[in-house]
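Position 315, counted from 1, in the sequence shown is what full-length UniProt numbering calls 315; the numbers after and before it change by one each time, with no gaps.
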Amino acid sequence: MSPNFSFSLCFPFSLYLPKCSLIVLYSRRQKCVEFLQYVKVFIFRYLEPHETEDELFHPYEKQEAQLPSLIVEELYSLMLHIGHLYDLPACILEGNTILPQAKVLFPPSWHLLHLYIDIHWSVLEIQHLLGEKMQRQTIYAHRFTNLTGENLTNISLFEDHCGNLLYDLISLSVKRYSKVRLSEALTTHHYTCTCIKELWVLLIHLLDHRNKASLTESFWNWLNKILKKVFKKNNDTDSVPAFESIPCKDPLSFSWWIITHLASLYHIDRNGYTDEKVVDSNWPYVEDLLKQSVNNQAGVLEEQLRMHLQCCLTLSHIWDVNLTIVTIVWEHYSKNLNNPFTIPWFGLKGLANISKTPLSMYELIKSYCSDIHTPDMYISCNSFQFFLHILAHIMRKAGKMNGVHPWKQIKGRIYSKFHQKRMCELTEVGLQNFLSLFLVLAALAETEDVASRMMELLRFLSPTSTSVTQKALIWKGYFAFILTYIDKSMDIRVLAEPLSVAFCEKAKEFLVARNDLVQKQNLWMLLSMYVDGVQEVFESSLYLNLSEEKLMCDGFSMLLPGCRGAELTAVLNFLQAQLNQGLGLGNPGPNAQPSSVAKEHHLAVAKALWRNFFPYLKSQRMVKTPPPQLADTAAGLTLLALDLPSTCTSDLQPQPIISMMQLFGWDDMVCPQLVSRYLTHLIQNSALAEALTGMGHSSYQSLFIQSWFRCILQMFINQPPETLIRTDADQTTNKAFMEQLTELTRLIFKLPEVITIFSKSHFDESVCKQDAKEAVFRFIEAVGKNYIELQHLSEKSVMVTKALVYLGDILKYVKPYLIKKGPAEGLHLTYKIIGCLVKSWAAILATSKAQPLLFRIIDCLLLPHAVLQQDKELPAVMLAAIRENLPFFLQGLSFICCHCQSQSQSAYLNQLLRDVIRQYLGRFLFLSSRVGHHPILLALCGCAPEAIHLHKTSVQVISENYLQFKGNAPPSRLGSVLAFSLEALQRTKSIEICDVETLLPSVLKCLILVNEPQVKKLSTEILQYLIEGCQARPGGELATQLISFIQDYTTVYDHQVYSILEKVAALSQSLVICLIPTMTEALRNSEYKQGLGRNTLQR
1 MSPNFSFSLC
11 FPFSLYLPKC
21 SLIVLYSRRQ
31 KCVEFLQYVK
41 VFIFRYLEPH
51 ETEDELFHPY
61 EKQEAQLPSL
71 IVEELYSLML
81 HIGHLYDLPA
91 CILEGNTILP
101 QAKVLFPPSW
111 HLLHLYIDIH
121 WSVLEIQHLL
131 GEKMQRQTIY
141 AHRFTNLTGE
151 NLTNISLFED
161 HCGNLLYDLI
171 SLSVKRYSKV
181 RLSEALTTHH
191 YTCTCIKELW
201 VLLIHLLDHR
211 NKASLTESFW
221 NWLNKILKKV
231 FKKNNDTDSV
241 PAFESIPCKD
251 PLSFSWWIIT
261 HLASLYHIDR
271 NGYTDEKVVD
281 SNWPYVEDLL
291 KQSVNNQAGV
301 LEEQLRMHLQ
311 CCLTLSHIWD
321 VNLTIVTIVW
331 EHYSKNLNNP
341 FTIPWFGLKG
351 LANISKTPLS
361 MYELIKSYCS
371 DIHTPDMYIS
381 CNSFQFFLHI
391 LAHIMRKAGK
401 MNGVHPWKQI
411 KGRIYSKFHQ
421 KRMCELTEVG
431 LQNFLSLFLV
441 LAALAETEDV
451 ASRMMELLRF
461 LSPTSTSVTQ
471 KALIWKGYFA
481 FILTYIDKSM
491 DIRVLAEPLS
501 VAFCEKAKEF
511 LVARNDLVQK
521 QNLWMLLSMY
531 VDGVQEVFES
541 SLYLNLSEEK
551 LMCDGFSMLL
561 PGCRGAELTA
571 VLNFLQAQLN
581 QGLGLGNPGP
591 NAQPSSVAKE
601 HHLAVAKALW
611 RNFFPYLKSQ
621 RMVKTPPPQL
631 ADTAAGLTLL
641 ALDLPSTCTS
651 DLQPQPIISM
661 MQLFGWDDMV
671 CPQLVSRYLT
681 HLIQNSALAE
691 ALTGMGHSSY
701 QSLFIQSWFR
711 CILQMFINQP
721 PETLIRTDAD
731 QTTNKAFMEQ
741 LTELTRLIFK
751 LPEVITIFSK
761 SHFDESVCKQ
771 DAKEAVFRFI
781 EAVGKNYIEL
791 QHLSEKSVMV
801 TKALVYLGDI
811 LKYVKPYLIK
821 KGPAEGLHLT
831 YKIIGCLVKS
841 WAAILATSKA
851 QPLLFRIIDC
861 LLLPHAVLQQ
871 DKELPAVMLA
881 AIRENLPFFL
891 QGLSFICCHC
901 QSQSQSAYLN
911 QLLRDVIRQY
921 LGRFLFLSSR
931 VGHHPILLAL
941 CGCAPEAIHL
951 HKTSVQVISE
961 NYLQFKGNAP
971 PSRLGSVLAF
981 SLEALQRTKS
991 IEICDVETLL
1001 PSVLKCLILV
1011 NEPQVKKLST
1021 EILQYLIEGC
1031 QARPGGELAT
1041 QLISFIQDYT
1051 TVYDHQVYSI
1061 LEKVAALSQS
1071 LVICLIPTMT
1081 EALRNSEYKQ
1091 GLGRNTLQR
């Protein structure tokens, strides 16, 4: 080996070379590495130690004995020649981050840097092998001395080289750290290249290996010593070489950063694989760093302290347990609990872990106690929360490793920091930190002891000096402790009782302070916290067997009457959630085996719900616009009564289910919104149906239909009566209510009773399920058709009874519309549904059971008191509703008149029919110019007996009330009446005797006494229609009426009579021929009375 081989290794490099030169450069670097490898192999294989030079006889042996010294000298010369890594130009060091696809194509700077790394490590390895092969003999470098004049040895050179290499690596890490953000410290490594990482790993293994043989200090000792040297201040750096002082903006943070990353390298074995083994720690030096970090005089900022404690947490996961670090950090935070520990420039990100609810607070505490450790915790956790993470992890780890819980060692140090004065000094932030600390301790240590101590300390706080937000925070902490108890299956009575007492006091204050909005707002902050906390407790408990009922105190009965709007909604939502929880517990699954004690708790919870909430729900069921949650909770209580009937209040016994249904589902006074929503929850409940049937209440389906019927009728009950214009129902009625009615309709049509009705009437019920109003019409038609098809009298009687149950007190339902004379939609719906009812159920209403209802319908809807008074007129909206739906009433009423068995009842019904026609014929005749759209004319269709009867009655009413002359003066609006009469005749398939007997005299009289062209034209058309109609039927009704006409009017109006008979002759000669004797006799009488002899002209 050449003694000047160091020079040949360090050939000159150009930083900019063509590709072919790069290949040559790469080849030379490989040769350098191979040569150093050869030296190591040579030493390992062939170098043997010689005890004394006297034994060496051959000159070659003497030279071989001097070889170790020569190697040491050459290695020293090489290191002097290449210098330190950190002395390399910046362009070479920065080129370390460039990563081309092929190693050969790396830039020259990259090859040069890695050649330096290879040389440094190879030299260190050669020195170590040399010492090993020489059996730890000291090897002197005779040509070199140190600063004190002593000869250099292999041992001193190894230590110097090792120290210099660590200096180099640390200096490179400092340069990299200058570009690292504190929030990214754990994700940003201290090396720019994996080769640097490998060099660190090799150093760790080498130094720790030598330390086991007591040759050198361990890696951590080397690192600690160097870190202390390089970061000493100038006034302490006596005789320290210039290169040993490394400029760093934050040496303390850098020390944390590099130690944390180097600790993770301990898990990499000598082959480069990860090995999760127990590694050597560096706690003594970290304790010194920790003391500096929490030293208030050091001026460490929150953003730095977070990073330091995050590194400490990482180290506690890697290394063994060290309770001393908990003590050091706690000493700092015990004096600074009121500090918010925020970073100003973080903004809202720093508030990420503020707990809004007890459950979020408890979940946050659980996250502290978990082993999950992510680098992004820097943003989400403040430094105090990092301390809680460290405390929780060390307590858990120590308990597993040592068997003795570390709580006994920490307990006194934590408890001793809290006393009455300290508790009174706590701000809201301090109180939050205090509760978080004790919750962590309760989760990991003696829960009851910690909770007892916490309550004892909180009693030191004066109620008068404690703000509302602090009280809310204390309640939140109590609930978080309760959740901790539940998680450990511990009875919560000791925490629940004082909390419920405080809630009762505040609920009473809330009820009294109805007009003080500020006080109510402050109290609601507390009360809503309690409500949310109880809900989270109930949702977290599996069986409600840990005295949870203690939280359902009497304060709720005082809270509800004082709530308004959103407050009431929140409490009712809470009640609904508890009912759902209670119902699930009332029906445990097949695998659940609650004990008798658990069942007692379940009953206690249910009784508390009934005792504290039901009286208020009962009192609010009659309000005009109850919140929708009222129906939900009422339905929940009904199902609770089904599961646990013994827990209901005494006023619902002995059949609480039926009592609840009567209160909220079948009571006519409850608003339809509540009823529809309430029934939607219950109709399809099979258990409820079985229970009602088992109680002998088989008519429950009919009552469901009755309530549905009422809800449809009253869908516009809350609309302002001033709404005179009919609009779309979805616009005028609350959309949610319409959706409820649609859903209720769908469920009603699934009832077995309704399905049977539709199947027997052969109606397709699926067509109208999506339209609640249309569904009512189809249901009414189906019931009417079903009744008509019944054969047996008993079946019909049962059907009539059931139909009346369906309707209920229908006129009571629509009474508000009639009283308020609006709204237009409500009146129209009323008259349309009841009109459809009268028409389709005419056969039912004709029975003695249903006739009283028919009479009431006519009195209330068609012949109210205002109609009978001449000086009053019905409102326009009511008249419009009657006009549109009057044909239904007339057709149904006419059918009933035709099929009534009792003569007295028949007479009364016919009189009612005449009254209705008389009242509305003229009203609608004079209000419209189009006679053909008159509702009475619309009702005159078909040739059924009821249609003929209606026509007959209409003609009689017209003749008696609208065609009566006062002397020779014609009645008013004679043209309109005649036009109506003509239209009525044309709509009738055949001319009846009543038409001739009733209409013909009046028409003939009009032809004689009225000269108005329209009247004469209409009268002539009616006369023509009557004559042509009578020709097709036998009988002399027409001749009889004409004979009477000739006898009455020939004397005075002879010319007019003969003119009319001339028109009759044109229509029917035979009719006039049979009248000739009558005309002759009338002429003779006229001549006799005149006394002028024969009238030649008339003859």
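We treat Cβ as the ideally placed atom computed from N, Cα and C, and that holds for glycine.
For residue i, three-class secondary structure by DSSP
i: P590; result: Residue confidence is low: P590 scores 44 on pLDDT, short of 50, so the model does not pin down where it sits. No coordinate-derived value is stated.
i: I1027; result: helix
i: T314; result: helix
i: L769; result: In the sequence under discussion, the amino acid at residue 769 is Lys, which differs from the Leu named in the question. Coil at K769, not helix or strand.
i: K966; result: strand
i: I683; result: coil
i: A947; result: helix
i: Y116; result: helix
i: P12; result: With a pLDDT of 44 at P12, under the threshold of 50, the modelled position of that residue is not reliable, and no figure is offered here.
i: P241; result: With a pLDDT of only 44 at P241, under 50, the local geometry of the prediction cannot be trusted, and no value is derived from it.
i: I268; result: strand
i: L542; result: coil
i: residue 1119; result: Here the chain comprises residues numbered 1 to 1099, so residue 1119 is not present and cannot be evaluated.
Alpha carbon of residue i to alpha carbon of residue j, nearest angstrom
i: M423; j: S334; result: 12 Å
i: A608; j: L527; result: 18 Å
i: F243; j: K225; result: With a pLDDT of 43 at F243, under the threshold of 50, the modelled position of this residue cannot be trusted; read the value that follows with caution. Computed Cα separation, rounded: 15 Å.
i: Q1031; j: V1057; result: 21 Å
i: L129; j: R210; result: 11 Å
i: L17; j: W121; result: Annotation note: pLDDT 44 at L17 (below 50); position unreliable, no value reported.
i: K232; j: L252; result: 11 Å
i: L182; j: L124; result: 34 Å
i: F779; j: H934; result: 28 Å
i: R1084; j: I1073; result: 18 Å
i: Q684; j: K411; result: 58 Å
Cβ-based neighbour list, residue i, same chain, cut-off 8 Å, excluding 5 preceding and 5 following
i: G975; result: E1012, Q1014, V1015, L1018
i: S390; result: A quick correction: the sequence has Ile, not Ser, at residue 390. Cβ neighbours of I390 beyond the five flanking positions: L309, C312, L313, S316, I325, V326, V329.
i: P247; result: V174
i: G586; result: Here G586 scores only 48 on pLDDT, less than 50, and its place in the model should not be relied on; the value that follows carries that caveat. The answer, listed in chain order, is H602, A606, L640, D643, L644.
i: L1007; result: K1016, S1019, T1020, L1023, Q1056, I1060
i: residue 1112; result: Outside the shown range of the chain (1 to 1099) lies residue 1112, about which nothing can therefore be said.
Cβ-Cβ distance between residue i and residue j below 8 Å
i: N282; j: W220; result: yes
i: I126; j: K197; result: no
i: L747; j: T680; result: yes
i: D667; j: D809; result: no
i: Y700; j: L713; result: no
C-beta neighbour in chain C for residue i, strict 8 Å
i: E722; result: Protein chain content of the structure displayed is limited to a single chain, and chain C is not contained in it.
Residue of the options minimising C-alpha distance to residue i
i: L559; options: N612, Q578, Q535; result: N612
i: P875; options: A843, L165, I819; result: I819
i: E1028; options: A213, V996, K520, N164; result: V996
i: F924; options: F980, I683, A803; result: F980
i: L75; options: I155, Y831, R45; result: I155
i: A736; options: A1066, S797, L674, S761; result: L674
i: S452; options: F481, L461, L473, S436; result: F481
i: P344; options: I379, A775, L323; result: I379
i: I705; options: N718, P615, L804, F763; result: L804
i: L1026; options: V1052, Y1053, L982, T1051; result: L982
Sequence-distant residues of its chain with Cβ nearer than 7 Å to residue i (five each side left out)
i: L663; result: K618, R621
i: W475; result: L499, L526, M529, Y530, G533
i: Q137; result: P49
Neighbourhood of residue i by C-beta, 6 Å cutoff - its chain only, sequence neighbours within 5 removed
i: L827; result: Y817, V877, M878, A881
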